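Novice: Residue numbers for the sequence shown follow the numbering used here, so the first one is 172 and each next one is one higher.
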Amino acid sequence: MQIPRPRHAPVTRAGTPAARTTGSTALVAERPAARATWPTALAVISGDDVYEDLFTAASALESALTDEGFAIRTRLGTAALDAAARTDVIVLYTALGRFTTGQRAALAQAVRGGCGLVALHSTTVLASPPDQLDEGDRLLAELIGSRYVSHGPPPHESRFEVRLDPDHELTTGIAPFEVTQEHYRLATRPDVRVVAWRQTGAGLEPLVHTRRFGNGRVVYIQLGHDMRIWGEPRMRRLLRRAARWACRPDQPVQNEE
């Protein structure tokens, strides 16, 4: 499936229209009035860069989403989530990043109101123990629709084939591809739809899943551990698709928590 890309002036990494220079005067291209032409994205990067390549991820996110037509802001730390409702889609990549309960509640409220959410890799690794989730971690796990349980049996990293659901608009037309990646065993909510997976001796392991939360759409992508995966064109295509799919609000889900 080809997703139409908006026609607009080039966008800088800072998420603003690029300046056009005529003589000595810099003319900044005006942002079109229609939000659909200029969807906004907020990338929130937070946590320990020892085990996850967060800075490579931040650069890859800016590049991929700018190419997809998003006006993107990248912020280190979670304070930006206090104003989460002011953007079309939030991309969240944390490695035991510290959230306040209020920030997680603000994120949930924004998504419930129609803001999209794309969560990457170790964002599902929560600080509190799985059987004793604190309130903030519980909110995040319920919002994303899954949480990390373990790496599963060793090795904790391997080369495997990513298989994709041909019937979901997020993944249709993307051929299976191989990656070398750290992998997770997840506990998932019953309402998630798995749209990409890998085959293991214990069965299918979710790699990408979607869900609805109020008016908002949520995508979790387990891939994203280091620069090897960020150099894979189909991973970047998957990320771009995820952001486009997530930023389109839905009607409220019945009986949503």
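Each residue gets a CB set at the ideal place from its N, CA and C atoms; glycine is no exception.
Here the structure is a predicted model, which means the values were calculated and not measured.
(1) Between the region 361-371 and the region 267-278, do three or more beta carbon pairs fall short of 8 Å?
(2) Kindly indicate which residue of Val379, Leu278, Ala229, Arg405 has the alpha-carbon position closest to the one of Thr359.
(3) Rounded to the nearest angstrom, what separates Tyr222 and Leu232 at their Cα positions?
(4) Looking at C-alpha atoms only, which residue of Tyr319, Gly284, Val282, Glu313 is the closest neighbour of Ala298?
(5) Buried or exposed for Glu239, please, with buried defined as at least 16 other CB atoms from any protein chain shown within 10 angstroms of its CB.
(6) Is the beta carbon of Trp209 closer than 8 Å to that of Ala242?
(7) For Gln280, I'd like the list of residues in its chain whose CB is within less than 8 Å of its CB, leaving aside the five on either flank, ordered along the chain.
(8) Count the other CB atoms, across all protein chains shown, that sit within 10 Å of the CB of Asp259; report buried if there are 16 or more and exposed otherwise.
(9) Taking one C-beta from the region 351-366 and one from the region 328-335 each time, how about it: are there three or more such pairs within less than 8 Å?
(10) Need the endpoints of the beta strand (DSSP E) that Pro301 sits in, please.
(11) Assign Ile345 to one of three DSSP states: helix, strand, or coil.
(12) To the nearest angstrom, report how far apart Glu340 and Val262 are at their CA atoms.
(13) Determine the burial state of Ser317: buried for a count of at least 16 other Cβ atoms within 10 Å of its Cβ, exposed for fewer.
(14) Taking C-alpha atoms, which residue in Pro326, Asp305, Ile345, Gly284 lies nearest to Cys418?
(15) Val320 bridges to which residues according to DSSP?
Specialist: Looking at the coordinates:
(1) no
(2) Translated into the one-based positions of the sequence shown, residue 359 becomes position 188. Residue Val379 is the option with its Cα nearest to Thr359.
(3) Translated into positions along the sequence shown, residue 222 becomes position 51. Translated into positions along the sequence shown, residue 232 becomes position 61. Each residue's alpha carbon lies about 18 Å from the other.
(4) Reading the sequence shown from its first residue, position 127 is the one you call residue 298. Checking every option, the nearest Cα to that of Ala298 belongs to Tyr319.
(5) Along the sequence shown, read from residue 1 onward, the residue named residue 239 stands at position 68. Classification for Glu239: buried.
(6) Sequence index remark: in the sequence shown, residue 242 carries index 71 (1-based). Sequence index remark: in the sequence shown, residue 209 carries index 38 (1-based). Contact flag set, yes.
(7) On the sequence shown, position 109 is the one that residue 280 refers to. The answer, listed in chain order, is Ala255, Ala256.
(8) The residue you call residue 259 lines up with position 88 of the sequence shown. With 16 or more Cβ atoms within 10 Å of its Cβ, Asp259 is classed as buried.
(9) yes
(10) The residue labelled residue 301 in the question sits at position 130 within the sequence shown. Counting along the chain, Pro301 falls outside any beta strand (DSSP E), and DSSP gives it neither H nor E.
(11) Here residue 345 refers to the residue found at position 174 when the sequence shown is read from its first residue. Of the three classes helix, strand and coil, the one that applies to Ile345 here is coil, per DSSP.
(12) By one-based count along the sequence shown, residue 340 stands at place 169. By one-based count along the sequence shown, residue 262 stands at place 91. Roughly 19 Å between the two C-alpha positions.
(13) Within the sequence shown, residue 317 is the residue found at index 146, counting from 1. Ser317 should be labelled buried.
(14) Within the sequence shown, residue 418 is the residue found at index 247, counting from 1. The shortest C-alpha separation from Cys418 is found at Gly284.
(15) Stepping through the sequence shown from its first residue, residue 320 is reached at position 149. According to DSSP, which records beta bridges pairwise, Val320 is partnered with nothing at all.
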